[in-house]
Structures are given as C-alpha cells and as structure tokens.
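Trainee:
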Amino acid sequence: MGIRIKWHPQNFNNRLEKDVDKRTGRSAKEFVEFSKRYAPVESGELKASINYKKKHKMEYIVGSSVPYAKYVEYGTSKRAPNPFFRRALAAFRRKIQGNFK
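Note that the working numbering numbers the sequence shown so that position 29 is 25, with each residue one more than the last.
(1) Quick check: the segment 19 to 37 against the segment 76 to 89, are at least 3 beta-carbon pairs closer than 8 angstroms?
(2) Report yes if the CB atom of Ser61 is closer than 8 angstroms to the CB atom of Ser45, and no otherwise.
(3) Between which two residues does the alpha helix (DSSP H) carrying Glu45 extend?
(4) At what residues does the alpha helix (DSSP H) containing Val68 begin and finish?
(5) Per DSSP, what kind of secondary structure is Val37 in: helix, strand or coil?
(6) Expressed to the nearest angstrom, what Euclidean distance is found between the alpha-carbon atoms of Glu26 and Glu69?
(7) Quick one: give me the first and last residue of the beta strand (DSSP E) that Ser60 is part of.
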C-alpha cells in the first residue's frame, strides 16, 4: 500500500495566473481611485477620464483618455508640470506591494 503524490504544474500555474491577474486588476482599480485624488481639477474632465483597462493576462493599463493629460503631467513651455500620476504612484507603492503578499 502506498500514497501516490503527483504535482500537476499546469493546474498550479493556471491557479497562480488567475490569482495574480485578479490581484493585478484590483491594484489597477485601486490606483485609478488613488490617481483621481491627486489629479488637478479645473473642469473635472481630467479626473473623470482616469480609468483602467485590461491589456493582456496580468497586464492592465491605467491612464487618462483626455489628450491634454500628458501636458498636465509633464508640463509645456508655458505651463509647469503637475506630475499627479507620478505622485500617486509614489504614494501607492506600499499599498500595491501589500496586494501581492
């Protein structure tokens, strides 16, 4: 009599991928909310445009759909930068690391 122990790496990898994808999606959604707190508000259009979308498995994009968002973030020759995405990311780092523990 004996006990057979067999590892099925494909099952493990599938579960791991699903878990990581879920945590990544949750982090993207949380980062959207974090970014909105840091976004400057003149008309509210920039803040409202911040969203996320899934690009691939375990890959999400957070950004703004308004064309002037990059000019706000990086500035222009006539306007100083207001790096709200970068400030939000710096503040969000600890939280995002906690999502994967």
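Each residue gets a CB set at the ideal place from its N, CA and C atoms; glycine is no exception. Every value quoted in this text rests on a predicted model; they were computed, and no experiment measured them.
Mentor: Judging by the given coordinates:
(1) yes
(2) Position 65 of the sequence shown, counted from the start, is the residue given in the question as residue 61. Position 49 of the sequence shown, counted from the start, is the residue given in the question as residue 45. Yes, these two residues count as a Cβ contact at 8 angstroms.
(3) Sequence index remark: in the sequence shown, residue 45 carries index 49 (1-based). Just to set this straight, residue 45 is Ser in the shown sequence, not Glu. Looking at the DSSP string, the run of the alpha helix (DSSP H) that includes Ser45 is Glu41 to Ser45.
(4) Translated into positions along the sequence shown, residue 68 becomes position 72. Segment Ala65 to Tyr70, the alpha helix (DSSP H) holding Val68.
(5) Locating residue 37 in the sequence shown gives position 41, counting from the first residue. In the structure shown, Val37 sits in coil (DSSP, three-state: anything other than H, G, I, E or B).
(6) Here residue 26 corresponds to residue number 30 of the sequence shown, with the count starting at 1. Here residue 69 corresponds to residue number 73 of the sequence shown, with the count starting at 1. Going by the C-alpha atoms only, they are around 20 angstroms apart.
(7) Counting from 1 along the sequence shown, the entry for residue 60 is found at position 64. Residues Glu55 to Ser60.
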